[in-house]
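Residue numbers (the numbering used here), protein chains in the order written: chain A, 376 to 662; chain B, 376 to 662.
Yeah, the Cβ is synthetic: ideal placement off N, Cα and C, and Gly gets one too.
Number of protein chains: 2
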Amino acid sequence: MIVIETIPDMTYFRLNLKEPVGFVPTMGYLHEGHMSLVRKAREENKSVVVSIYINPTQFGPKEDLSKYPRNLARDLAMLEKESADVVFFPADKEIYPTGYETWVTVDNLTKPLEGDSRPTHFRGVTTIVTKLFNIVRPTNAYFGQKDAQQALIIKKMTTDLNMNLKVVVCPTIREPDGLAMSSRNVYLSMEQRKAAPVLYKSLLLAKDMFAIGERNAAVILEQMTVFIQKEPLAKIEYISISDTETLAELKAIKKSALVSMSVRFGNTRLIDNIILGKSTKSEYLNK
Amino acid sequence: MIVIETIPDMTYFRLNLKEPVGFVPTMGYLHEGHMSLVRKAREENKSVVVSIYINPTQFGPKEDLSKYPRNLARDLAMLEKESADVVFFPADKEIYPTGYETWVTVDNLTKPLEGDSRPTHFRGVTTIVTKLFNIVRPTNAYFGQKDAQQALIIKKMTTDLNMNLKVVVCPTIREPDGLAMSSRNVYLSMEQRKAAPVLYKSLLLAKDMFAIGERNAAVILEQMTVFIQKEPLAKIEYISISDTETLAELKAIKKSALVSMSVRFGNTRLIDNIILGKSTKSEYLNK
């Protein structure tokens with residue numbers, strides 16, 4: 376495994392990577408969710424590139440950029456163990472040099488849900504992902520279902536801009552008690568951590584209601600809200616039942632729906648989601 | 376020469392093009408300006424791809440999209456003569472399918488000059504050029520100095536987004552009386568056509584003033600304005616003396632400057648520019 380810190384080195388090294396090239400972009404502080412993406416990339420490609428870059432442009436002015444968790448040594452050890460070929464670890468000044476002023480934006484998909492709470496977040500995501508795709512030039516790129524809206528937006532962007540690669544969405548990896556793995560879980564106090572599985576439990580409640588025939592989104596949302604509100608540490612930011620492609624809010628669920636939410640525990644925002652009406656196998660956001 | 380009309384065909388055919396690949400994106404209705412780009416591409420590359428696509432997103436709501444001049448048969452004959460390998464001629468519905476919603480924007484460089492008159496123009500240009508670059512994947516792409524701001528913006532975009540290609544800017548080609556070649560010149564009435572060289576003459580006036588030592592931008596702009604205003608058919612939209620990299624307006628010219636203008640003749644907008652203080656050889660916007 377080689378660690379590359381500059382764009383010219385990455386561009387040069389890329390020339391000798393065997394095709395197909397699988398790519399996993401991360402912000403580091405890796406957990407089993409990331410590792411499941413790396414393993415999938417390893418399975419499906421001759422070369423695997425993982426980037427570790429805490430992208431400043433996807434953090435809002437009041438968000439946790441400076442205290443975002445970091446542990447490069449541990450990250451590298453984990454990636455070595457999964458036989459990644461390249462870790463791309465660039466510096467801010469190379470990614471966003473003085474005078475940087477070009478942005479990639481997706482209009483409608485970025486407006487609801489996370490976009491409503493974090494208005495500049497997805498512009499930062501689509502811009503850094505475009506840059507990384509242009510630098511790494513992967514055949515396949517791997518993203519987690521846990522950030523469902525992000526995955527949909529990146530798929531839309533690659534299609535709209537005719538990017539020459541495939542986006543693969545992999546299932547959310549959870550702790551034994553159901554909490555979706557996230558680098559931000561480290562922010563939770565012991566009490567908050569105990570309460571945090573309420574997100575997934577409320578999603579399972581939605582799943583059960585759907586399974587026994589409930590199709591009225593308002594009824595499901597109401598039950599989920601009541602359930603989460605029983606947990607005094609949890610403050611709901613949004614709960615949504617939306618179309619799995621357009622993210623338009625649904626009144627009646629037909630074939631399928633994305634149930635997604637953001638819930639705060641103190642200053643920590645947790646998100647989670649589940650797809651109703653489709654197989655929960657790895658390909659469910661992959662059409 | 377092969378004419379390709381779909382994105383999948385272009386992607387497939389691209390696999391067999393010999394490297395390096397030179398690319399000239401056009402809106403058709405070709406003239407000697409375009410042909411000089413094609414010749415330069417032919418000189419510098421093993422394969423030459425020319426696109427002909429009238430990009431709707433770079434036209435404003437009141438602009439001349441529907442009556443933009445077209446002559447595919449003549450264009451193809453001209454390109455055949457210059458030994459282009461591929462003409463990529465896609466349909467609107469393939470480039471911007473229903474639900475299209477992804478944009479590439481460059482912030483500061485797009486605001487002054489043309490951006491001030493045409494607020495959504497450059498967003499359309501950077502978006503279509505990104506798409507065409509992703510589809511054609513050229514080694515070198517050729518643009519005309521006549522659209523100086525566009526050339527600077529595209530260079531900035533390719534740098535900022537780490538696009539893996541070189542942008543080459545080639546000199547403006549002029550009619551014998553100095554009028555810069557443009558597909559839009561066909562809109563001019565005979566009288567307007569006679570008057571139109573006033574743009575270039577005013578640029579030469581600026582060049583002469585600079586040559587004898589004038590460095591005060593206001594003095595040069597004043598002389599140019601008086602000169603153009605003598606032509607009753609010409610209505611100045613802007614005249615500018617700006618930094619050749621940032622496009623910031625200059626008060627005093629130091630080493631170099633971009634003198635640029637937009638002048639209306641009836642409904643027809645003509646633009647032209649000249650660089651002061653650098654060689655007027657082909658590389659002057661290429662650093």
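| query | result |
| --- | --- |
| Residue environment, B:K377, which counts as buried when at least 16 other CB atoms sit within 10 Å | Rather than Lys, the amino acid found at residue 377 of chain B in this sequence is Ile. That one is exposed. |
| Whole-Å CB distance - B:V500 paired with B:Q525, under 8 angstroms assumed | 6 angstroms |
| For B:F398: DSSP bridge partner residues | B:V424, B:A516 |
| Within chain B, partners of A:L536 - CB distance below 7 angstroms | T477, T505, K506, N509 |
| Amino acids of chain A, ordered along the chain, whose beta-carbon sits closer than 7 angstroms to that of B:V481 | E476, T477 |
| Buried or exposed by the 16-neighbour rule on C-beta atoms within 10 Å, applied to B:K530 | buried |
| Beta-ladder partner(s) of B:T432, from DSSP | Paired residues: none, contrary to the question. |
| One or two residues paired with A:T477 in a DSSP bridge | B:V481 |
| DSSP-derived helix/strand/coil call for A:L645 | strand |
| Neighbourhood of B:E550 by C-beta, 7 angstroms cutoff - its chain only, sequence neighbours within 5 removed | M556 |
| Through-space distance from A:G588 to A:A581, alpha-carbon basis | 11 angstroms |
| Pairwise C-alpha distance: B:T485 and B:F602 | 28 angstroms |
| Distance CB(B:I614)-CB(B:L596) smaller than 7 angstroms | yes |
| Per-residue DSSP class, three states only, for B:Y613 | strand |
| DSSP-derived helix/strand/coil call for A:R639 | strand |
| Closer than 7 angstroms to chain B by CB, A:M532 | yes |
| Limits of the unbroken beta strand (DSSP E) element including B:K541 | 541-545 |
| Members of the segment 422-436 of chain A that neighbour chain B once the beta carbon cut-off is set at 9 angstroms | none |
| B:M385 beta carbon less than 7 angstroms from that of B:I510 | yes |
| Which listed residue (B:K393, B:P487, B:M584, B:D467) has its alpha carbon closest to that of B:L440 | B:D467 |
| Three-state class that DSSP yields for B:R549 in the structure shown | strand |
| Proximity below 7 angstroms, CB of A:E380 to CB of A:F434 | no |
| Meets three-Cβ-pair contact criterion under 8 angstroms: the segment 557-565 of chain A and the segment 398-412 of chain A | yes |
| Residues that B:I382 contacts on chain A, provided the C-beta gap is smaller than 7 angstroms | N537 |
| Bridge-paired residues (DSSP) for B:N591 | B:A627 |
| Distance, A:E419 Cα to A:E664 Cα | Because residue 664 of chain A is not part of the residues shown, which for chain A are 376 to 662, the question remains open. |
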